[in-house]
Every structure is written in structure tokens, then in C-alpha cells.
Amino acid sequence: MGLTLIVEPCPPLEAVDPTLPPAARSAARKTEGLKLALAKHGFDGLFAGIRRDEEATRAKERVFSPRGLEGIGTCAINRRNSWDYFNARLPAGAHLRIHPILQWTEADIWAYTRREGIPIISLYLAQNGTGNADVGDRQSR
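Here numbering that gives the first Met the number 0 is used: position 63 in the sequence shown is 62, and no number is missing along the way.
The following block contains the structure:
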């Protein structure tokens, strides 16, 4: 059994609430794109590349993170028993988000990238003293 990469576009920026602050608007666009892809393909789960050290709200995430129909994790779904963090059984209508690098740091990512010889795009590198940790809404030059 092999894996197939499925790429689905996020909704255009114009389709997202323009009153949101830029970071929230970007996050809403990505979240909506993810929900559309889940609905279109009927996935039970997905792998995500988030890290706990990227933002404070991710401190509540687990490696196996069940989500309800709207993509929201709730106390009823996000289990408190430590063994249940590895339980992949889902309630009806839920999907599972798997975060394999949740415990990695940015330094871990760069060390792995360097060790494995993984190419990176220029947007990650500092230009005029500024680098981009999140290139989700930007295009490479």
C-alpha cells in the first residue's frame, strides 16, 4: 500500500473575513481549506507539521488529536488519560490529526534538514535581516 499526495488549494484570501487581523485571517483561510479537503475526500485522519514551540495555543495539542465535525478539538474528544493520547479510535463524525513533530524545536527541524540534505526555498532564509518562519501565504521569488 502506497501513499498519495493530495494537494488542495485554500480558499482565496478575498473569501475570508477581511475584518480579521492578518494572522487570524491567514489561519482562517488555512483552516477552511483543510475542512474543505476533509469533506471532499472523506479522510478519517491527516498528518500535520505543527510544532508546540510555534505558538502558545499549540500547547494543548497531542500527537493524536481527534477533532469533531467542525475541526474543533473539545475536552470530550481530546482525551485526558495519557494512554488515550495514542488511541486512534474516533467518535462518529470525527477525524484524527496526527502531529509527528509536535515535540520538535526549530533547531531540531534545521538539524534534520541539514543532516538529510533537504532543499529549502529562499523565503525561509533571511533577506534584508528578515526571515519567514511561515511561508503559507507567500510565494517564492
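In this text, a Cβ means the ideal position worked out from N, Cα and C, and glycines have one as well.
Could you please give me the residues that DSSP links to residue i through a beta bridge?
i: residue 94; result: 66
Give me the Cβ distance between residue i and residue j, rounded to the nearest whole Å; I'm assuming they're in contact under 8 Å.
i: residue 50; j: residue 101; result: 6 Å
i: residue 13; j: residue 52; result: Between residue 52 and residue 13 the Cβ distance is about 32 Å, and since that is not below 8 Å, they are no contact.
i: residue 34; j: residue 9; result: Contact doesn't hold; Cβ gap of about 10 Å is too wide.
i: residue 121; j: residue 98; result: That belief does not hold up - the Cβ atoms of residue 121 and residue 98 are roughly 27 Å apart, past 8 Å.
Skipping 5 residues on each side, what residues in its chain have a beta carbon closer than 8 Å to that of residue i?
i: residue 39; result: 7
i: residue 107; result: 100
i: residue 43; result: 89, 94, 95
i: residue 109; result: none
Taking the alpha carbon of residue i as the reference point, which residue from the options has its own alpha carbon closest?
i: residue 66; options: 34, 94, 43; result: 94
i: residue 45; options: 91, 5, 110, 103; result: 5
i: residue 54; options: 22, 41, 112; result: 22
i: residue 61; options: 25, 111, 103, 114; result: 103
Just to confirm my understanding: we take residue i, look at its own chain, exclude 5 residues before and 5 after, and list those with CB closer than 6 Å. What are they?
i: residue 36; result: 7
Once the 5 residues before and after residue i are set aside, which same chain residues still bring their CB inside 7 Å of it?
i: residue 48; result: 100
i: residue 27; result: 15, 16, 19
Alpha helix (DSSP H) runs contained entirely in the stretch 15-45, provided each spans 4 or more residues: 21-40
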